[in-house]
Every structure is written in structure tokens, then in C-alpha cells.
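What follows is a single structure, written as C-alpha cells, with notes after it.
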Amino acid sequence: MKNQKNFERIMGILTWGAAALTLGVLAFIIGFILFKGVPHLKPSLIAFSYNSENVSLMPGLISTILMTLLSLAISVPVGVFAAIYLTEYAKRGSKLVSLVRLTTETLSGIPSIIYGLFGLLFFVTYLGWGFSLLAGAFTLSIMILPLIMRSCEEAIHSVPDVLREGAFGLGAGKLRTILKIVLPSALPGIFAGIILAIGRIVGETAALIYTAGTVAQIPKSPLSSVRTLSVHMYALSGEGLHTNESYATAVVLLLVVVAINTLSAKIVKSIGVK
Amino acid sequence: MNKSKEKFMAAVFFASALISILAVGLICVFLFVNGIPALFKIGTLEFLGGSQWSPMDQPAYYGILPMIVGSLYVTAGAIILGVPIGVLSSIFMAWICPPRLYKWIKPAVDLLAGIPSVVYGFFGIAIIVPLTGNSIVSASILLGIMILPTVISIAESALRATPRQYYEGALALGAGPYRSLFYVVLPAAKNGILAAVVLGIGRAIGETMAVIMVAGNQARMPVSLFKGVRTLTANIVIEMGYAADLHRGALIATGVVLFVFILIINISFSALVRKDRG
Chain A
155 MKNQKNFERI
165 MGILTWGAAA
175 LTLGVLAFII
185 GFILFKGVPH
195 LKPSLIAFSY
205 NSENVSLMPG
215 LISTILMTLL
225 SLAISVPVGV
235 FAAIYLTEYA
245 KRGSKLVSLV
255 RLTTETLSGI
265 PSIIYGLFGL
275 LFFVTYLGWG
285 FSLLAGAFTL
295 SIMILPLIMR
305 SCEEAIHSVP
315 DVLREGAFGL
325 GAGKLRTILK
335 IVLPSALPGI
345 FAGIILAIGR
355 IVGETAALIY
365 TAGTVAQIPK
375 SPLSSVRTLS
385 VHMYALSGEG
395 LHTNESYATA
405 VVLLLVVVAI
415 NTLSAKIVKS
425 IGVK
Chain B
0 MNKSKEKFMA
10 AVFFASALIS
20 ILAVGLICVF
30 LFVNGIPALF
40 KIGTLEFLGG
50 SQWSPMDQPA
60 YYGILPMIVG
70 SLYVTAGAII
80 LGVPIGVLSS
90 IFMAWICPPR
100 LYKWIKPAVD
110 LLAGIPSVVY
120 GFFGIAIIVP
130 LTGNSIVSAS
140 ILLGIMILPT
150 VISIAESALR
160 ATPRQYYEGA
170 LALGAGPYRS
180 LFYVVLPAAK
190 NGILAAVVLG
200 IGRAIGETMA
210 VIMVAGNQAR
220 MPVSLFKGVR
230 TLTANIVIEM
240 GYAADLHRGA
250 LIATGVVLFV
260 FILIINISFS
270 ALVRKDRG
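For the record, the sequence lines run as chains A and B.
Mapped onto this note's numbering, the consecutive letters of the first sequence carry residue numbers 155 to 428.
Mapped onto this note's numbering, the consecutive letters of the second sequence carry residue numbers 0 to 277.
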């Protein structure tokens with residue numbers, strides 16, 4: 155009986171302790187970055203051109219936004235269309251569908267450095283785009299494709315069949331039903347997936363160093379080399395000279411991530427998934 | 000008119016679905032075509048089993064055993080540190096946590112997953128490295144933290160999927176709440192937990208930037224837990240910038256080795272998930 159009590163007590167302490175540790179680590183990381191970075195947020199950090207004097211993060215910020223938009227512009231249509239095919243057109247249990255699922259699963263498990271390597275070999279070298287915004291965006295668009303596909307598929311699945319049948323009953327064709335009835339109802343779920351994808355793009359480094367390069371500039375064309383905020387931070391940490399500015403950059407990155415998480419949680423909550 | 004539009008869009012949807020197959024195909028082809036010749040030129044055994052990596056020397060040595068061992072060390076370290084904490088946290092979240100607290104802890108775990116690797120790396124440089132140096136231990140601690148959200152979210156959903164009757168049955172037989180959890184619910188969710196561990200391994204072995212920032216990156220066989228080590232991922236990023244010819248090929252072949260590791264991990268993960276679903 156005493157043994158029983160001890161077991162309960164020890165395991166209780168361990169489980170609560172582990173959860174507290176997880177929360178504590180997060181609080182510590184965020185607190186530490188804010189504490190070190192916030193005092194160094196100053197106007198010169200958002201100057202429009204970068205030099206080693208001002209260590210401006212503005213080119214990085216603009217590059218990150220462009221990189222995100224371009225990657226999404228490539229990946230979202232493909233992901234949404236693929237999800238439409240898988241949910242509305244494909245025959246159940248077809249060999250092709252299982253192959254698509256298998257490859258999508260494989261893609262979601264590939265680490266970003268492998269994407270970076272592939273991007274270097276294919277987009278940068280084979281297609282001859284050089285280190286560029288375009289090569290980076292194409293590389294990232296493959297990386298986020300499984301995420302977009304999965305969230306979109308789930309969203310389309312959760313649209314009740316009654317809506318489809320209603321549309322068919324009113325004489326709408328299959329395409330019209332999908333575009334006008336199914337997709338609009340699935341939109342919040344698709345958005346949640348897109349926001350998660352933005353999070354991955356913003357935080358990405360390894361896949362970009364050898365595809366988009368590391369030049370800190372506001373890109374003049376899709377073929378200019380750019381340096382996103384994450385890559386910018388990595389470059390700064392390697393130089394070891396601008397520690398304060400790195401912390402400030404980390405604060406900006408963290409804020410973006412927190413905003414993205416809050417937004418996606420809001421959307422998910424509003425559609426009542428899980 | 001309408002009919003041809005229907006047909007056209009159906010074809011577009013179909014083509015889009017094929018993109019992921021195409022992507023995996025291209026990735027395989029380009030990695031293997033660029034990596035395998037170097038592998039043969041160096042000699043598979045020398046490459047995989049050679050313990051000296053000195054591509055700039057004359058003659059050059061291209062043995063990636065130090066990096067394979069390095070990756071395994073830091074991954075093992077991350078699992079040893081991250082899995083117990085992650086699994087205990089997931090038990091807490093799935094079964095113990097009061098709903099009011101869950102509203103806070105769940106977004107916190109999501110946030111932990113969203114923090115970019117460079118920010119983790121920066122944190123590692125500032126806090127962990129001063130304590131344990133640029134070393135295997137530092138990389139393991141940092142990776143242990145980084146795999147937490149992966150382990151927690153997969154283990155949590157596995158634990159939630161175990162029927163409530165198991166827990167209540169154990170309680171009815173006189174077991175305490177924690178004994179019921181650890182002896183009945185946890186074993187029932189065994190496959191899901193294992194899947195969480197496997198995915199954690201995949202994350203840890205594939206992580207690049209954070210590891211580079213804290214691991215020291217010396218390309219030599221690990222000498223001590225408190226000395227530096229280089230992983231497969233670090234080898235690629237550090238030297239790709241200036242490598243040429245055979246050296247470059249050897250780095251791509253390093254990527255191939257990493258890719259094969261990841262494929263094996265992915266296959267075991269999906270096998271576990273499938274087993275779990277029955």
C-alpha cells in the first residue's frame with residue numbers, strides 16, 4: 155500500500171515536472187531573446203540598404219516577404235489542385251493515389267538541407283538560375299507542398315456531402331460545384347495550412363543558403379540573390395561581430411512566428427477543427 | 000464549351016497531383032546522379048568506413064565515418080534527453096492537465112515547434128555553449144529541446160486515441176491514477192509512442208543550422224562527449240560553399256547517405272503508424 159502511494163507521488167512529480175520543464179524551456183528561450191534583443195531594436199535596423207555599419211534587417215525582411223509570396227504563389231495552386239484531385243476525382247484505393255500519398259509523406263520527412271542540396275543541383279546549377287530568389291522559392295515550394303496538400307485535403311474532406319448533392323441537384327456541374335461550393339467552405343482550413351507553411355518559410359535557413367544565397371540586398375529581379383531574415387541571422391552569428399543586432403533580428407523573427415501561430419490557432423478555432 | 004472546361008480542369012487537377020511524385024523522382028535522380036559517381040570513385044568502403052576526412056590534403060581522404068558517428072551520437076543524445084521529457088509531457092497533456100491549463104500549454108508546444116532553427120542555435124550559443132562547450136553534449140541538449148514538440152504532439156494523439164475504458168478499468172481494479180496511466184494506457188499507446196520517437200530521430204538527424212552553431216564541427220572521430228563533433232548535415236553546409244570536383248561529389252554523396260537514413264526512418268515511421276491503426 156505504501157509502495158502504491160510512493161509510485162503515485164513520484165510519477166505525479168515526474169509528469170508535472172516534465173510539463174513544467176517544457177513550458178519553462180520555452181519561456182526561458184523567449185524571455186532570453188526578448189531581454190537581449192528588445193533594447194537593441196533601433197531605427198537604423200530598418201534602413202533600406204544594408205551595410206556593416208547599420209546591420210539593417212530591412213533587406214532581409216523584404217526578401218523574406220518576397221520569398222514567402224513567391225513560394226506560396228507556386229505551391230498553393232498546385233497543392234490545392236492536387237488535394238481536389240485526391241478528394242473529388244481519384245478512385246478510392248487506386249494505385250496512383252497511394253503513390254501520390256507515399257511520395258507526399260516522403261516529402262514531408264525530408265530534412266531541409268536535402269532540399270537545399272537538391273535546389274542547388276537542379277534549380278541553381280542544372281537550370282542555370284544561379285543563387286536567386288526564384289531558385290529559393292521553387293525549392294521552398296516543394297518543401298511546403300505536403301503541408302498545403304494535407305491541410306487542404308482535410309479541409310475538403312470535412313465539407314459535408316449534402317452541400318455537393320445540393321449543388322448537383324440544382325444542376326451545377328462537377329467543376330462548378332467544386333469551385334463555387336466546396337472550395338469556399340474549405341477555405342478556413344486551407345488558410346490554416348497556408349499560415350503554417352508561412353511559418354516554415356520564415357524560419358527556413360538550410361534550404362536557402364545554397365539556393366537563394368546570402369547577399370543582403372533588396373532584390374532587383376527574381377534572379378537576384380537574397381538573404382531572408384533567418385539566413386541573415388545565421389550570417390551575423392557566423393561573423394560574431396554584431397551580436398546585439400542578431401538578438402534584435404531574433405526578436406523580429408520571434409514576433410513573426412508568434413503572430414503566425416496566433417493567427418492559425420484563431421482560424422482553426424473558428425472552424426472548430428479539433 | 001462547358002464540357003471541355005470540365006475536362007481541362009480535371010486534367011489540371013490530375014497533373015497537380017502528379018507533382019509530388021515528380022518532385023520525389025527529381026530529388027532522387029539529381030542526388031544519386033551527382034553523388035554516386037563520386038562514391039564509386041572514392042570507393043564505397045573508403046567513403047563510408049574511412050575515418051579520415053581531409054579533402055584539401057594531398058592525397059585527399061574522403062571518409063565520412065566521423066560524420067556518420069557524429070550524427071548518431073547527437074541524435075542518440077537528443078533522444079535520451081528529449082523523449083522521456085516529451086513522453087511525460089504528452090501524458091500530462093492528454094490525461095492529467097486541467098482544461099484551463101491545456102489552453103496555455105498546447106499553444107506553447109506549437110510555438111516551440113515554430114521557433115526557427117537559427118533562433119534555437121543562437122540560444123544554444125549564448126546559453127548552452129558557455130556551460131558545456133562546442134560539443135556533443137551541447138548539440139544533444141539543443142536537439143533534445145527541438146524534438147520536444149514533435150515527440151509531444153505525436154505521442155499525445157496516440158495517448159488520446161487509447162480508449163477511456165482502459166484507464167477506468169484499471170482504476171476500478173484498484174490501481175492508482177498514475178499506475179493506471181503508466182501500466183495500462185502507456186503500453187496501449189506503445190506503437191504511437193514509438194512512432195513519435197522515430198519521427199524525433201528523423202528531426203534530430205536532419206537538423207542542420209542549430210547543430211552547426213553549437214557542435215564545434217571538427218571532422219574527426221568523436222573523442223569525448225565534451226569535445227566537438229561534425230554531423231552529416233553540417234559537413235554539407237560547411238564545405239559546399241567552396242568545394243569543387245571530387246570534393247563536391249563527396250559532399251553530395253554525404254547528402255545521399257543522409258537521404259537514405261531518412262528514407263529508412265520514414266518507412267519505419269509509416270509502418271508503425273499503419274500497425275497502430277490495425
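Backbone N, C-alpha and C fix where the C-beta goes; we use that ideal spot for every residue, glycine too.
Query: B:Asp244, buried or exposed, once every other Cβ within 10 Å from all chains shown has been counted against 16; Result: exposed
Query: B:Ile78 and B:Gly199 closer than 8 Å at C-beta; Result: yes
Query: Neighbouring residues, chain E, relative to A:Met387 (Cβ below 9 Å); Result: Of the protein chains in this structure, namely A and B, none is chain E.
Query: Short-range partners of chain A found in the stretch 2-25 of chain B, where Cβ spacing is below 7 Å; Result: Lys4, Glu5, Met8, Ala9, Val11, Phe12, Phe13, Ser15, Ala16, Ile18, Ser19, Ile20, Ala22, Val23, Leu25
Query: A:Glu259 - containing alpha helix (DSSP H), residue span; Result: 249-263
Query: Cα-Cα separation, A:Ile363 to A:Gly270; Result: 7 Å
Query: Three CB pairs or more closer than 8 Å across the stretch 237-256 of chain A and the stretch 235-243 of chain B; Result: no
Query: Residue span of the alpha helix (DSSP H) that contains B:Asp109, given as start and end; Result: 98-113
Query: Cross-chain neighbours of A:Asn415 in chain B, by beta carbon under 7 Å; Result: Pro106, Asp109, Leu110, Gly113
Query: Cβ of A:Met165 within 8 Å of any chain B Cβ; Result: yes
Query: Residues near A:Thr222 by beta carbon distance below 6 Å, same chain, minus five either side; Result: Ile352, Ile355
Query: CB of A:Met387 within 8 Å of CB of A:Leu407, strictly; Result: yes
Query: Neighbourhood of B:Gly227 by C-beta distance below 7 Å, restricted to the same chain and skipping five residues each side; Result: Asn133, Ser134, Ala214, Gly215, Asn216, Gln217
Query: Within chain A, partners of B:Ile84 - CB distance below 7 Å; Result: Ala172, Leu175, Thr176
Query: Helix, strand or coil at A:Trp283 according to DSSP, with G and I counted as helix; Result: coil
Query: Inter-stretch contact (C-beta, 8 Å, three-pair minimum) for the stretch 325-339 of chain A and the stretch 264-282 of chain A; Result: no
Query: Spatial distance of A:Thr382 from B:Ala174 (CA atoms); Result: 55 Å
Query: Minimum Cβ-Cβ distance from B:Thr207 to chain A less than 8 Å; Result: yes
Query: Where the stretch 36-54 of chain B meets chain A: residues whose CB sits under 7 Å from a CB there; Result: none
Query: Residues that DSSP places opposite B:Leu134 in a beta bridge; Result: Looking at the sequence provided, one finds Ser at residue 134 of chain B rather than Leu. In DSSP, B:Ser134 forms no bridge with anything.
Query: Residue closest to B:Pro176, alpha-carbon to alpha-carbon, out of B:Tyr61, B:Arg202, B:Trp94; Result: B:Trp94
Query: Alpha carbon of A:Ala309 to alpha carbon of A:Gly233, nearest angstrom; Result: 12 Å
Query: Beta bridge counterpart(s) of B:Tyr61 as assigned by DSSP; Result: B:Trp52
Query: Buried or exposed by the 16-neighbour rule on C-beta atoms within 10 Å, applied to B:Ala16; Result: buried
Query: Euclidean distance between Cα positions of A:Lys428 and B:Ser156; Result: Confidence is the limiting factor: at A:Lys428 the pLDDT is only 41, short of 50, which leaves the residue's position unreliable, though a coordinate-based value still follows. If I take the Cα positions, the gap works out to 11 Å.
Query: Own chain residues within Cβ distance below 8 Å of A:Ile187, not counting five before or after; Result: Tyr401, Ala404, Val405, Leu408
Query: DSSP three-state assignment for B:Gly42, whether helix, strand or coil; Result: coil
Query: Near the ligand PLP: B:Leu193 beta-carbon under 7 Å from a heavy atom; Result: This structure does not include the ligand PLP; it has no bound ligands of any sort.
Query: At least 3 beta-carbon pairs within less than 8 Å: the stretch 248-267 of chain A vs the stretch 257-273 of chain B; Result: yes
Query: Within 8 Å, strictly: CB atoms of B:Pro65 and B:Ser53; Result: no
Query: Delimiting residues of the alpha helix (DSSP H) encompassing A:Thr222; Result: 212-238
Query: Partners in chain A for B:Val236, counting only beta-carbon separations shorter than 7 Å; Result: Ile267, Ala360, Ile363
Query: Neighbour-count burial assignment, A:Gly343, 16 or more Cβ in a 10 Å radius; Result: buried
Query: Cα-Cα separation between A:Ala174 and B:Ile124, rounded to whole angstroms; Result: 24 Å
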